[in-house]
Structure formats: structure tokens, C-alpha cells
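Student:
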Amino acid sequence: MRLGPFILRRLAISIFVLFGLSILIFLIARIVPGDPARMALGPRAPVDVVERLRQQMHLDRPLLQQYGLWLWEVAHGNLGDSLVTRRPVRQDIREFFPATLELVGLTALFIIVAGISLGVISARYSNTWFDNVVRLFSYLGIVTPAFAWAVILMLLFGFVWHLFPTYGRLTAGVIPPSTITGMYTIDSLLHGQLALFWDAFVHLILPAIALALPPMSQAARITRSSMADNQNKDCFASMIAYGVPNRVVVGKYLLKPSLISPITVMALDIAATFGYAFMVEKIFGFPGLARYGIQVMLNKDVNAIVGVVMVLGVVFITLNIVVDIIVAYLDPRIRLMGRSV
Amino acid sequence: MTTEEMLTSSAIENPWFRMLDSLKRTWYKFSRNWLSVLGLVMVVTIVFLAVFASYVTPYPQHAEKFVDFKNKNQPPSWQHLMGTDTIGRDILSRIIFAFRNALLMAIVVLAVSVPFGTLTGLTAGYYSGTWVETVIMRVTDVFISLPPIILALSIAAMLKPTLMNSMIAVTVSWWPWYTRMTYTLALSIRNEYYVQAAELTGASKIYILFREILPNCSSSLFTKMALDVGWVTLVGAALSFVGLGEQPPKPALGTMIAEGVERMPAQWWIALFPALAIMFVVLGFNLFGDGIRDALSPEEA
Numbered sequence: 001m002r003l004g005p006f007i008l009r010r011l012a013i014s015i016f017v018l019f020g021l022s023i024l025i026f027l028i029a030r031i032v033p034g035d036p037a038r039m040a041l042g043p044r045a046p047v048d049v050v051e052r053l054r055q056q057m058h059l060d061r062p063l064l065q066q067y068g069l070w071l072w073e074v075a076h077g078n079l080g081d082s083l084v085t086r087r088p089v090r091q092d093i094r095e096f097f098p099a100t101l102e103l104v105g106l107t108a109l110f111i112i113v114a115g116i117s118l119g120v121i122s123a124r125y126s127n128t129w130f131d132n133v134v135r136l137f138s139y140l141g142i143v144t145p146a147f148a149w150a151v152i153l154m155l156l157f158g159f160v161w162h163l164f165p166t167y168g169r170l171t172a173g174v175i176p177p178s179t180i181t182g183m184y185t186i187d188s189l190l191h192g193q194l195a196l197f198w199d200a201f202v203h204l205i206l207p208a209i210a211l212a213l214p215p216m217s218q219a220a221r222i223t224r225s226s227m228a229d230n231q232n233k234d235c236f237a238s239m240i241a242y243g244v245p246n247r248v249v250v251g252k253y254l255l256k257p258s259l260i261s262p263i264t265v266m267a268l269d270i271a272a273t274f275g276y277a278f279m280v281e282k283i284f285g286f287p288g289l290a291r292y293g294i295q296v297m298l299n300k301d302v303n304a305i306v307g308v309v310m311v312l313g314v315v316f317i318t319l320n321i322v323v324d325i326i327v328a329y330l331d332p333r334i335r336l337m338g339r340s341v
Numbered sequence: 342m343t344t345e346e347m348l349t350s351s352a353i354e355n356p357w358f359r360m361l362d363s364l365k366r367t368w369y370k371f372s373r374n375w376l377s378v379l380g381l382v383m384v385v386t387i388v389f390l391a392v393f394a395s396y397v398t399p400y401p402q403h404a405e406k407f408v409d410f411k412n413k414n415q416p417p418s419w420q421h422l423m424g425t426d427t428i429g430r431d432i433l434s435r436i437i438f439a440f441r442n443a444l445l446m447a448i449v450v451l452a453v454s455v456p457f458g459t460l461t462g463l464t465a466g467y468y469s470g471t472w473v474e475t476v477i478m479r480v481t482d483v484f485i486s487l488p489p490i491i492l493a494l495s496i497a498a499m500l501k502p503t504l505m506n507s508m509i510a511v512t513v514s515w516w517p518w519y520t521r522m523t524y525t526l527a528l529s530i531r532n533e534y535y536v537q538a539a540e541l542t543g544a545s546k547i548y549i550l551f552r553e554i555l556p557n558c559s560s561s562l563f564t565k566m567a568l569d570v571g572w573v574t575l576v577g578a579a580l581s582f583v584g585l586g587e588q589p590p591k592p593a594l595g596t597m598i599a600e601g602v603e604r605m606p607a608q609w610w611i612a613l614f615p616a617l618a619i620m621f622v623v624l625g626f627n628l629f630g631d632g633i634r635d636a637l638s639p640e641e642a
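Same order as they appear, the protein sequences are chains A and B.
Per my numbering, residue 1 is the first one in the first sequence, and the count goes up by one each step.
Per my numbering, residue 342 is the first one in the second sequence, and the count goes up by one each step.
#1: Kindly confirm or deny that the stretch 286 to 304 of chain A and the stretch 80 to 89 of chain A touch, where touching means at least three C-beta pairs closer than 8 Å.
#2: Cα separation between I209 (chain A) and F110 (chain A)?
#3: On the criterion of 16 or more Cβ atoms from any shown chain inside 10 Å, does V373 (chain A) qualify as buried, or is it exposed?
#4: Looking at the C-beta of I437 (chain B), does it have a partner C-beta in chain A at a distance below 8 Å?
#5: What residue range is occupied by the uninterrupted alpha helix (DSSP H) comprising K282 (chain A)?
#6: Just the C-alpha distance for S529 (chain B) and K565 (chain B), rounded to the nearest angstrom, thanks.
#7: Relative to the C-alpha of S117 (chain A), which candidate in A:L106, A:N127, A:V134 and A:T128 has its C-alpha closest?
#8: With a CB to CB cut of under 7 Å and the five nearest residues on each side skipped, what residues in its chain are close to Y468 (chain B)?
#9: Compute the Euclidean distance between the alpha carbons of P257 (chain A) and Q537 (chain B), then round it to the nearest angstrom.
#10: Express the C-alpha separation of L312 (chain A) and F278 (chain A) in angstroms, rounding to a whole number.
#11: Taking G288 (chain A) as the query, report the chain B residues whose CB atoms sit under 8 Å from its CB, ordered along the chain.
#12: Look at the alpha carbon of D48 (chain A) and the alpha carbon of G42 (chain A), and state the distance between them as a whole number of angstroms.
#13: At 7 Å on the CB atoms, spell out the chain A contacts of R521 (chain B), in chain order.
#14: Between which two residues does the alpha helix (DSSP H) carrying E102 (chain A) extend?
#15: Going by the CB atoms, is the gap between T144 (chain A) and L211 (chain A) shorter than 8 Å?
#16: Would you report the Cα separation of I260 (chain A) and D331 (chain A), rounded to the nearest angstrom?
#17: Where do the N-terminal and C-terminal ends of the alpha helix (DSSP H) with N627 (chain B) fall, by residue?
#18: Identify whether D81 (chain A) lies in helix, strand or coil by the three-state DSSP scheme.
#19: In whole angstroms, what separates the C-alpha of L637 (chain B) from that of C558 (chain B)?
#20: W515 (chain B) versus chain A: which residues are under 7 Å apart at the beta carbon?
#21: If you draw a straight line from the alpha carbon of S138 (chain A) to that of A578 (chain B), how long is it in whole angstroms?
#22: Would you report the Cα separation of F26 (chain A) and G20 (chain A), rounded to the nearest angstrom?
#23: Below 8 Å between beta carbons: does that hold for G429 (chain B) and K406 (chain B)?
#24: Anything in chain A within Cβ reach of I633 (chain B), meaning under 8 Å, just list it in chain order.
#25: If contact means a Cβ-Cβ distance below 8 Å, which residues of the stretch 257 to 273 of chain A contact chain B?
#26: Can you tell me which of the three DSSP states T425 (chain B) falls into?
#27: So which residues on chain A does W609 (chain B) lean against when the C-beta distance must stay under 7 Å?
#28: Let me know the secondary structure DSSP gives D431 (chain B) once reduced to three states.
#29: Look up W419 (chain B) in the DSSP assignment and say whether it is helix, strand or coil.
#30: To the nearest angstrom, report how far apart V397 (chain B) and A391 (chain B) are at their CA atoms.
#31: Which residue from A:I205, A:F97, A:G4 and A:R38 puts its Cα closest to that of M183 (chain A)?
#32: Please classify A12 (chain A): does DSSP put it in a helix, a strand, or coil?
#33: Starting from the beta carbon of T100 (chain A), find every residue of chain B whose beta carbon is closer than 9 Å, and list them in chain order.
#34: Ignore the nearest five residues each way along the sequence and tell me which others in E540 (chain B)'s own chain have a CB closer than 6 Å to its CB.
#35: Establish whether the CB of A443 (chain B) and some CB of chain A are separated by less than 8 Å.
#36: Answer with yes or no whether the minimum CB distance from M57 (chain A) to chain B is below 8 Å.
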């Protein structure tokens, strides 16, 4: 199993992509019409103040030099000051990112566990009533965007049945746990505060389900069709003919090749979840990175936008590496012959 | 030669007749699945409503600036099928007018990103192994490393919030997916015997790219385009939800949801119906797109 060289090559490609992404984001931030310093300070700021900010942001240098200086700072973890909150962008992101990570983490868990198991069961019992119900609901799930689900779930569970809270990260007045990771559920567990953990957890459920439903349905559909394609192959028929137990056929042999395409799609969907979290967090009043992102976007806070997108870019690229390694592990053709996915 | 044989031979030579014939066959396969037909009906309904919005809506004057405080926050009734919003505008009328912008956006985005993506993808696929492929595909990789919704949000954030700029933002994040798809298709098609045969007979590169490879990508392209009308609408709604798309008082599905969410417990209809409208658009174009895929795929289902 030559996974080592594969991982190394994959990492090299990612560094290249990250570098390209930094150019792309830099260009987006600089080539747009208007002067970032002027936009940040507003139309009524005096000229000399704007000029000072321009110098601070290196806007008076040539574009290539600007990029070099900017990259140097970013490589040292310095994303500049937010022009709106007047705090270092890094500090803002560190404060808001854990909340979003917690939400997306739970969403990812829902997507992976529910998506794959629904798909597997539905493929095993294909063309039964269970399969038909799953197929119908997965279609509805895919076409209903996360923010529409958020509105529907909020109505049903928050206001009709009163089962789950629909606002914020904690019940009003509850003191958050002292920060270790910034994720309330994990912090409260580390402190042994079970009641607090439960409070933070139930606040996550509705937004996480809203975010998870479309990708989860997609994952279930793809798992089902991929399993259905594979299970008609002769090798599985002969395994069953030889009397290999069904559990082994499915769990050991059928699942592995069938999971490749669902995993690739799920990774893309989980990455996109950060984007849809922008809307869902706003609907549920959840103070995460996405809500911070909206705020800075509406205020044209260039440094902060670049910071947020850069952080998300790093998250996606890491996610992609992880997925490629999993897929390479599952599919020997990729890891041995170096075929890209 | 009987008359029947003469008819068929002349029919086969007539390209219009052949096109009509294949269209007929495609329609036959398409209409076998009632879900595809339902999708087509939904798509036609949406397009019809969008085009004739000023004639079919009950209150066309409510589309933009309009205030009627006497009728504000009315729940759904026979007068206002989907209720009215916080300043008394009919929500149904505003949704129908919002379809107009949503469709316009989808058309503009696809009209730019499909040709561009297809051309770059074809070129990269045909020149695989050369620097052309490397340059095109590595640039594409960078764009694809961010999901379209995030890239579109960040580009729109830098520009002035208008419908035009949100179209630009979505287009920039949409083309690489067409490049990637055409590239993968072109890579596999260029090894087919008919392409090799064309190469051997001395056909030009342009001829091979556009007459041999492109037509064989077309069924995948059409399918993706049909599906993407729904997805572009969705991303456009996401942009306007955040406040980066069409600005009020112009109607946009995302803006309407955002306004409604603030009145959520009591006036639920303000947010719910625009959300269902987006669902309707995405569902319609998905069913339609899946139908096209089934109808154009060569193997029997």
C-alpha cells in the first residue's frame, strides 16, 4: 500500500492551490472598483486620514509589491485590522469561528451518518416501500435549500411544537463555559457541566438539521445508486453463491467501492455548508463566523472579508486532502496508478 | 424502388427531417416519465409567470414601491392568497415578479459561463499533456477550491449590491464547473475510434473539437444547464438574502425571506411562501433536468 507518496504529492498540489487561492482573493479585494481605504472610512472622512490608511494598507505601492507584503503578513498569521470593529481580524475570527465549526461539525455528523445509512438500507431493500419513501424524501430534501428548511423547521419545532429553542447559542441569561476551544458543547463537557452541554446542544439541533437535510438527502441518493450499481456485478453474485454471509458481502466488500462517489460529493457539500451557514445562522440568530461574515460584507470591510474567505479556503483545502486520502485508501487504482480523481 | 423506400431515403438525407425525428424520439422517451412531464409543466409555468408577470399578478403595482398600511400583515386569504407583507404588499404578486429577476439572472449567468467553460474545457481536454492543459486546469482548480456560494458571496461583497453585480459574482464562480465537466468528457471522448478516424483522415483540430467532441458532450451539458437554472436561482436568493443582491424595494426572493424571518413567529407567511417559491423553482428545474438526462442518454432505461 503506497499511500505515503500519494499523500506527499497531494500535499504539494494543495500548497499550489492555496497559493493560487491567495492570488485570487487578493485580486478580488484589490481590483474591485473604488478605493478600499475610502470605502472603509466613508465618504466624509478627511483626505489626509484616508491617505494615512492607504499607506498603512500599502495601497500606494505597485500591485505586485502589495501582494508580496500582504502574503508575508498572512503567512505570519496577521490578517490586518478589521476596518469596522477596529480589532485584529484574527481575534474576531478566533472568537466567531468555533461557533460555526461546532455547527458545521454536527451538520457533517448528521450528513455522514444519516446519509450513508439511509442510502445503504434503501439499496439493500431497493424497490420496497422503505426505498420509495427514502427516494421521495431525498428528492424533496435536495431541492429545498437550507434556508427554506430553516424557516420550515423554525415554524414547526419552535412555534407549533415548542420542542427546540430557535434563537442563539444558549438560553438567554445562561453563562457560557470558560473558553478552551470556544465550542460550547466541548468546553462544557471538559468542565463537566452537563446541564450547560445539553443547553448548547439543543440550540445546535435545529440549525444543524436545516443545514444537513439537503446534503444528507444527496448523500443518501448517491449512496443508494452507487450501491445498486455495484451489487449487480458478477463478483457479488458469485460471493453469495459461495455462501459468504450477507453481512460480510455488504459490510466488507460492497460498501468500500460504493462509498467513493458519496464521499467525494459529501466533502463538497460539507464545504458548501459553510456558505449556507451564512443564511441559517442569520435566521436562527446564531453568533458564528457566517454572521460576522455578513456584517463585514455589508460594510465592505476588505481585510475582514479577505480573512474570512482565507480561513474558509484553508478549511476546504484541508477537507479536500482528507477526502482524497480516504478515497485513495478505498480505491487502489488511484493510490497505485496516481490517477487523479 | 417503392414509394415508401423513396420517401425514407429522401427523409434521411433531409437534415431538418432528421432533427425533427430525433426530437420526436427524445420527446417520446421524455414523456414516458410522468415526473419529467411534471417538471416541464412547472418550468413552463415559471417562465410563463415571469414573462407575463404584469398581466397575471393580482396586484402588479405592488411589485416595487408601494405602501398600504391598512392592509399590512394580512394572513393568507382569498384577497391575498399568500398574505401581505409589513407594508401591505401582496406577497404572491411580489414572488411572481421576483421570478422574473431570478430567471434573468440564471439566463445571463449560464449564457456567459456555459460557452466560456465549455471552450476552456474542450481546449484543455484536447491539448492534454501540454502546457495549455496545465494552465487552464490549474486555474480552474483554484476557483473550484471554494464552493460557488462562498466565492459568489465574497465577490459580491466587494462590489456594489445590485442585480448586475450579483450576476457577475455568480458567473465568476460558475464557469469552472463547466470547464471541469467538459474537460473530463473531452478526455474520454478524444480516445474514441471516431475521433481517431477523423484525425487520420486529416480533419482539422477545430473540426474535431466542434464536430466530433462537442456534440458528444451536449447531452451532459444540456442536463447540467437545466439543473443549474434552479441552482443559480438558489445562489442568487442566498446573495439577496444576505443583502448583496437586488436591493429593496425591487422584489427578490432572498430579500423577502430575510424580511419575513424577522416577523417569524406571528407573520409566518411573509417568510414561508418565498421559501416555498425557491423550492418550487429548484424542484421544477431538477425534475426537468433529470428528464432530459434520461431522454438523451443512449442506453435504454
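The beta carbon of each residue, even a glycine, is placed where N, CA and C say it ideally should be.
Nothing here was measured: the structure is a model prediction, and the numbers come from that model.
Tutor: Taking the structure as given:
#1: A contact between stretches requires three or more CB pairs, one per stretch, nearer than 8 Å, and the stretch 286 to 304 of chain A meets this requirement with the stretch 80 to 89 of chain A.
#2: Between the C-alpha atoms of I209 (chain A) and F110 (chain A) there is a straight-line separation of about 7 Å.
#3: This structure cannot settle anything about residue 373 (chain A), because the visible part of chain A is limited to 1 through 341.
#4: I437 (chain B) is outside the set of residues whose beta carbon lies under 8 Å from a beta carbon in chain A.
#5: From DSSP, the alpha helix (DSSP H) with K282 (chain A) extends over I260 to I283.
#6: The straight-line gap from Cα to Cα measures roughly 18 Å.
#7: Of A:L106, A:N127, A:V134 and A:T128, the smallest CA-CA separation from S117 (chain A) is found for A:V134.
#8: The answer, listed in chain order, is E474.
#9: For P257 (chain A) and Q537 (chain B), the distance between alpha carbons rounds to 32 Å.
#10: F278 (chain A) and L312 (chain A) have their alpha carbons spaced roughly 12 Å apart.
#11: In chain order: nothing, as chain B lies at least about 14 Å away.
#12: Straight-line Cα distance between these residues: approximately 13 Å.
#13: Under the 7 Å cutoff, chain A gives no residues; its nearest Cβ is about 11 Å from R521 (chain B).
#14: For E102 (chain A), the enclosing alpha helix (DSSP H) stretches over residues V89 to R124.
#15: Not a contact, by the Cβ cut-off of 8 Å.
#16: Computed Cα separation, rounded: 8 Å.
#17: Segment W610 to L637, the alpha helix (DSSP H) holding N627 (chain B).
#18: Strand at D81 (chain A).
#19: If I take the Cα positions, the gap works out to 11 Å.
#20: None at all; the shortest Cβ gap to chain A is about 14 Å.
#21: Roughly 22 Å separates the two Cα atoms.
#22: Roughly 10 Å separates the two Cα atoms.
#23: Taking a C-beta distance under 8 Å as the contact criterion, G429 (chain B) and K406 (chain B) do not qualify as a contact pair.
#24: Simply none; closest approach about 16 Å.
#25: Those residues of the stretch 257 to 273 of chain A placed with their C-beta closer than 8 Å to a C-beta in chain B are L268, A271 and A272, ordered along the chain.
#26: In this structure, T425 (chain B) counts as strand in the three-state DSSP scheme.
#27: Counting only Cβ-Cβ distances below 7 Å, W609 (chain B) has contacts in chain A at L155, in chain order.
#28: In the structure shown, D431 (chain B) sits in a strand (DSSP, three-state: E or B).
#29: Taken through DSSP and simplified to helix, strand or coil, W419 (chain B) comes out as coil.
#30: Rounded to whole angstroms, V397 (chain B) to A391 (chain B) spans 9 Å at the Cα level.
#31: Measuring from the Cα of M183 (chain A), the nearest candidate turns out to be A:F97.
#32: A12 (chain A): helix per DSSP, three-state reduction.
#33: By Cβ distance, chain B contributes nothing, its closest Cβ being about 12 Å from T100 (chain A), past 9 Å.
#34: If we look at E540 (chain B) and ignore the five residues flanking it on each side, it has no Cβ neighbours.
#35: Not an interface residue.
#36: Not a single C-beta of chain B is nearer than 8 Å to the C-beta of M57 (chain A).
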